[in-house]
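**Q** In our numbering, the protein residues as written are 40 to 306.
From the three backbone atoms N, C-alpha and C, an ideal C-beta is built for every residue, glycine too.
Take this structure first; my questions come after.
Have a look at this one:
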């Protein structure tokens, strides 16, 4: 008992000295060439068929250039401490094969500061150390089998698709050219993890726009042939979407920032 009493002041000291944390929510909204798009409501004759993606390594940036890493708040559904899943398909309209659950926000904490926030960066994908987990055994949000490529032994980082009355296109992004066997992947030559970086962005004021019009800008939606991209380095249909994602299609390296993400509407 005396030992516990003696340790109490030290415990209180370290607790009192812990830096204060500020809660934060970062909202995302899907667009098509600047107009809102959903599964049920079309934008520019387009309807959403799918839009889900993982994000990690999230940081906020202050006006003085200070970097504030965001610590995710685990919720047993959409977020763990390492990765978050954003999901905009709601099982309605053109997303009839999907689910009703959606998630449009990242929730977490960062070091409290008086410095005004002015930027955001994040990576699309799953941390490499977790990318080859078994979704049947993994914790949320890596337990969604529909976001896992069993044949590639890794996760789909991004699943996005749109449709018109007569045509459609979808992109499944994930690591490729992986070495090893299922359950024992040694690594992947093409990481395929886009990076986003926004300036003049305050999550308390702005949302993050996800403009699929930029992702599918080079697609011919008048040829009546539904096509796709599955992240293969020799898939000619992947060249333009990969460019919009800031990726080199030949080796999966980052060649620039993903242009599909931008500063969205004011909240």
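1) Along the chain, where does the beta strand (DSSP E) that runs through residue 69 open and close?
2) Within the continuous alpha helix (DSSP H) that includes residue 263, where are the two ends?
3) Going straight from the alpha carbon of residue 255 to that of residue 72, what length do you get?
4) Threshold first: 3 residues or longer. Then list the beta strand (DSSP E) segments lying entirely within the stretch 129 to 196, N to C.
5) Which residues does DSSP pair with residue 117 in a beta bridge?
6) In terms of DSSP beta bridges, what is residue 220 paired with?
7) Run through the DSSP bridge pairs and tell me what residue 101 is partnered with.
8) Can you grab the Cα-Cα spacing for the pair residue 286 / residue 169, in whole Å?
9) For the beta strand (DSSP E) containing residue 234, list its first residue and its last residue.
10) Provide the residue span of the beta strand (DSSP E) that contains residue 125, from first to last.
11) To which residues of the same chain is residue 111 closer than 8 Å at the C-beta, ignoring the five residues directly before and after it?
12) In terms of residue numbering, what span does the alpha helix (DSSP H) encompassing residue 252 cover?
13) Do you know offhand how far residue 279's Cα is from residue 108's?
14) Taking 6 Å as the limit between beta carbons, can you name the residues of its chain near residue 228, skipping five residues before and five after?
15) For residue 275, name the three-state secondary structure that DSSP assigns.
16) To the nearest angstrom, how far is it from the Cα of residue 139 to the Cα of residue 209?
17) Taking the alpha-carbon positions, what's the residue 46 to residue 131 distance?
18) By the three-class DSSP mapping on this structure, what secondary structure does residue 283 have?
19) Roughly how many angstroms separate the alpha carbons of residue 181 and residue 269, rounded to a whole number?
20) Determine which residues share a DSSP beta bridge with residue 108 and list them.
**A** So, from the listed chains and residues:
1) Indexing the chain shown from 1 puts residue 69 at position 30. 60 to 71 is the extent of the beta strand (DSSP E) around residue 69.
2) Your numbering for residue 263 matches position 224 in the chain shown. Note, residue 263: premise wrong, no alpha helix (DSSP H); not H, not E.
3) For the purposes of this step, residue 255 is taken as the residue at position 216 of the chain shown. For the purposes of this step, residue 72 is taken as the residue at position 33 of the chain shown. Here the C-alpha atom of residue 255 lies approximately 10 Å from the C-alpha atom of residue 72.
4) DSSP runs (the beta strand (DSSP E)) wholly in the stretch 129 to 196: 144 to 150, 156 to 163.
5) Along the chain shown, read from residue 1 onward, the residue named residue 117 stands at position 78. In DSSP, residue 117 forms no bridge with anything.
6) Locating residue 220 in the chain shown gives position 181, counting from the first residue. Paired residues: 223.
7) Translated into the one-based positions of the chain shown, residue 101 becomes position 62. Beta-bridge pairing links residue 101 to 156.
8) The residue labelled residue 286 in the question sits at position 247 within the chain shown. The residue labelled residue 169 in the question sits at position 130 within the chain shown. Computed Cα separation, rounded: 21 Å.
9) Walking along the chain shown from the start, residue 234 turns up at place 195. In the DSSP assignment, residue 234 falls within the unbroken beta strand (DSSP E) covering 234 to 238.
10) Residue 125 sits at position 86 when you count from the first residue of the chain shown. In this chain, the beta strand (DSSP E) harbouring residue 125 covers 123 to 126.
11) As a working note, residue 111 is residue 72 in the chain shown. Only 97, 118, 119, 120, 121, 122, 123, 145, 146, 147 meet the Cβ criterion.
12) Stepping through the chain shown from its first residue, residue 252 is reached at position 213. Residue 252 -> alpha helix (DSSP H) spans 251 to 254.
13) Counting from one through the chain shown, the residue named residue 279 turns up at place 240. Counting from one through the chain shown, the residue named residue 108 turns up at place 69. Those two C-alpha atoms are separated by around 31 Å.
14) Walking along the chain shown from the start, residue 228 turns up at place 189. Sequence-distant Cβ neighbours of residue 228 in its own chain, meaning closer than 6 Å and more than five residues away, are 216.
15) Working through the chain shown from its first residue, we reach residue 275 at position 236. Here residue 275 sits in helix by DSSP.
16) The sequence position of residue 139 within the chain shown is 100, counting from 1. The sequence position of residue 209 within the chain shown is 170, counting from 1. Within the model, the alpha-carbon separation for residue 139 versus residue 209 is close to 20 Å.
17) As a position in the chain shown, residue 46 is number 7, starting the count at 1. As a position in the chain shown, residue 131 is number 92, starting the count at 1. Its pLDDT being 47, under 50, residue 46 is placed unreliably by the model, and the measurement read from it follows with that caveat. Whole-angstrom Cα-Cα distance: 57 Å.
18) The residue labelled residue 283 in the question sits at position 244 within the chain shown. Note: residue 283 maps to helix in three-state DSSP.
19) To locate residue 181, count along the chain shown from 1; it is residue 142. To locate residue 269, count along the chain shown from 1; it is residue 230. Roughly 20 Å separates the two Cα atoms.
20) Start at 1 with the first residue of the chain shown, and residue 108 comes out as number 69. In the DSSP output, where bridge partners are listed per residue, residue 108 has 98.
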